[in-house]
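Here is the structure we will look at, set down as structure tokens.
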Amino acid sequence: MDLAGELAAFADRLASATDLGAVSRDKYRRSAAAFLVWLAEARQAGAVDGDPLTDPDARDWAVRDWRWYLKNTRTRSGTRLGAATINNRLAAVDTFFALRGSGHPAVVREHLPLPSAPGALDQRTLLRFLRTAARDASPRDGAICHLAYYAGLRVAEIVALDVADLRLSARKGSVRVRGKGRSVGRDRTVPLHAQARTTLEALLDELGRPSAGPLIRNRDGRALSTRAANTVVCALGAAAGIGPADDGESFGPHVLRHTLGTDLVRGRGDLTTTGPVDVVLVAELMGHADLNTTRRYALPTEVDKTRALEVLTTDH
């Protein structure tokens, strides 16, 4: 089996035949590579029936065996892979076979637990974080935080911004966001909150008011990586006393984005003085293609469930 050739061809097909963004394509490529390595090792051990690349039955059997392998794989921390992670890797392999003209494997996906509200900061913790960022963050790092919370941008969208994407004036401003995928129609323009405008003006002053080039830069003047941007927010979170959530989810820019979505949909905080914001508007602001993604912000959290039970009558 020509692993390198199959993988290179898959990467080319992903770029030319799908509208997946660079980050998603890389994840699909890595998942396909892991599958091909597993397949080669299984074939060498005599654990593969038929040729999965040419025989539909052998293809289905191999992917089902790989699904079983993933279900029993443990991470570095000793935990098993989650259902969503396994399904994402199966989706990548499904795409691998489909794009090479080998059809879609008949493999059942993992059962996903009922959705819950995405992790978000409560109002007091959010205020503590924003105060910490105002005190400790550089203009660049402050801009990362404010674009995540006040504009709801994904971290990949933040580091992809160009100076030319900003439109700022004394009383208003907006940012043009390159959406996920290569489709121009997925781009969106997001109005900027006053606090975000102030932070971005400070960043532009520090950069010398360039007319173009990466907005969020590293020391060499190139666009900051998503990993580095995550590290920035995590460090500020640690300084504010914010660690992993009770369910183990780490703090980062995605939590700030989720907090914005929660605040808008639930009508929390200073952003929503007139009550909850319509989910269609929130979906447009946050770049959600599916309204069900936005509606998750209205789902009860574990804290909501606990508080609901605390009002029950007790006999002391």
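First residue of the sequence shown: 1066, per the numbering used here; consecutive thereafter. Glycine included, each C-beta is placed from N, C-alpha and C at the ideal position.
Exercise. Are three or more beta carbon pairs between the stretch 1123-1139 and the stretch 1152-1160 nearer than 8 Å?
Worked result: Touching, yes, given that three or more Cβ pairs across the two stretches are closer than 8 Å.
Problem set entry | In DSSP terms, what residue 1231 is bridged to | The beta-bridge partner set that DSSP reports for residue 1231 consists of 1240.
For this session: May I have the straight-line CA-CA distance separating residue 1190 from residue 1321, to the nearest angstrom?
Result: One Cα belongs to residue 1190, the other to residue 1321, and the distance between them is close to 11 Å.
Exercise. DSSP state of residue 1250, grouped into three classes?
Worked result: In this prediction, residue 1250 has a pLDDT of 48, which is less than 50 and means its spatial position is unreliable; nothing more can be read from the coordinates.
For this session: May I ask you to report which of helix, strand or coil DSSP gives residue 1287?
Result: Residue 1287 falls in the coil class under three-state DSSP.
For this session: Closer than 7 Å by C-beta to residue 1250: which residues in its own chain qualify, once you throw out the five before and the five after it? Chain order, please.
Result: Since pLDDT at residue 1250 reaches only 48, below the 50 mark, its modelled position is unreliable, and the value read off the structure follows with that caveat. Within the same chain, residue 1250 has no close Cβ partners at all.
For this session: Pick out whichever of 1298, 1369, 1355 and 1305 has its Cα sitting closest to the Cα of residue 1331.
Result: Comparing Cα positions, the closest option is 1369.
Exercise. How about residue 1115 and residue 1123: are their beta carbons less than 8 Å apart?
Worked result: Closer than 8 Å, so yes.
For this session: Kindly indicate which residue of 1207, 1134, 1112 and 1361 has the alpha-carbon position closest to the one of residue 1299.
Result: Selected option, being the one with the closest Cα: 1207.
Exercise. According to the neighbour-count rule (16 or more other Cβ atoms, all chains shown, within 10 Å of its Cβ), is residue 1248 buried or exposed?
Worked result: Note on residue 1248: pLDDT 41, under 50, position unreliable in the model; the coordinate value appears next. Classification of residue 1248: exposed, given that the 10 Å Cβ count is below 16.
Exercise. If you draw a straight line from the C-alpha of residue 1254 to the C-alpha of residue 1223, how long is it?
Worked result: Distance from the CA of residue 1254 to the CA of residue 1223, rounded to the nearest whole angstrom, comes to 13 Å.
For this session: Under the assumption that residue 1342 contacts residue 1280 (Cβ atoms under 8 Å), give the Cβ distance between them as a whole number of angstroms.
Result: Contact check for residue 1342 and residue 1280: beta-carbon distance about 26 Å, past the 8 Å limit, so the pair fails to qualify.
Exercise. In its own chain, which residues sit with a C-beta less than 7 Å from the C-beta of residue 1071, not counting the 5 before and 5 after it?
Worked result: Excluding positions up to five away in sequence, the list reads 1101.
Exercise. For residue 1279, which of helix, strand or coil comes out of DSSP?
Worked result: The answer is strand: DSSP assigns residue 1279 an E or B state.
Exercise. Between which two residues does the alpha helix (DSSP H) carrying residue 1318 extend?
Worked result: Judged by DSSP secondary structure, residue 1318 falls within the alpha helix (DSSP H) whose first and last residues are 1318-1331.
For this session: Leaving aside the five residues before and after residue 1246 along the sequence, list all residues of the same chain whose C-beta is less than 7 Å from its C-beta, in chain order.
Result: Residue confidence for residue 1246 is low, a pLDDT of 48 falling below 50, so the modelled location carries little weight and cannot support an answer.
Exercise. By Cβ distance below 8 Å, which residues in the same chain neighbour residue 1315 in space, the five residues on each side in sequence not counted?
Worked result: Answer for residue 1315: 1299 and 1309, listed in chain order.
Problem set entry | residue 1305 - containing alpha helix (DSSP H), residue span | Note, residue 1305: premise wrong, no alpha helix (DSSP H); not H, not E.
For this session: Measure the beta-carbon distance from residue 1164 to residue 1078 and round it to whole angstroms, keeping in mind my assumption that it falls under 8 Å.
Result: Residue 1164 to residue 1078, Cβ: 4 Å. Contact.
Exercise. Could you give the uninterrupted runs of the beta strand (DSSP E) lying entirely in the stretch 1156-1183, keeping only those of 3 residues or more?
Worked result: If we require 3 residues or more, the stretch 1156-1183 turns out to have no beta strand (DSSP E) run fully inside it.
Exercise. Out of curiosity, what's the CA-to-CA distance linking residue 1211 and residue 1325?
Worked result: Cα to Cα, the separation comes out at about 10 Å.
Problem set entry | Boundaries (first-last residue) of the alpha helix (DSSP H) holding residue 1377 | Taken as a continuous stretch (DSSP letters only), residue 1377 belongs to no alpha helix (DSSP H), as it is neither H nor E.
Problem set entry | Cβ contact (3+ pairs, closer than 8 Å) linking the stretch 1181-1195 and the stretch 1360-1369 | Contact between the stretch 1181-1195 and the stretch 1360-1369 is present, because at least three Cβ pairs lie under 8 Å.
For this session: Reducing DSSP to helix, strand and coil, say where residue 1219 ends up.
Result: The three-state secondary structure of residue 1219, taken from DSSP, is coil.
Exercise. Taking the alpha-carbon positions, what's the residue 1199 to residue 1283 distance?
Worked result: Residue 1199 and residue 1283 have their C-alpha atoms spaced approximately 20 Å apart.
Exercise. Residue 1260 to residue 1327, Cα distance in whole Å?
Worked result: Counting only the Cα atoms, residue 1327 lies some 19 Å from residue 1260.
Exercise. Sorted by chain position, which residues of the same chain lie with C-beta nearer than 8 Å to residue 1134's C-beta, five sequence neighbours on each side aside?
Worked result: Hits under 8 Å: 1103.
For this session: Look up residue 1365 in the DSSP assignment and say whether it is helix, strand or coil.
Result: Taken through DSSP and simplified to helix, strand or coil, residue 1365 comes out as coil.
For this session: Taking residue 1201 as the reference, give the member of 1243, 1304 and 1149 with the closest Cα.
Result: For the set 1243, 1304 and 1149, the Cα lying nearest the Cα of residue 1201 is the one of 1304.
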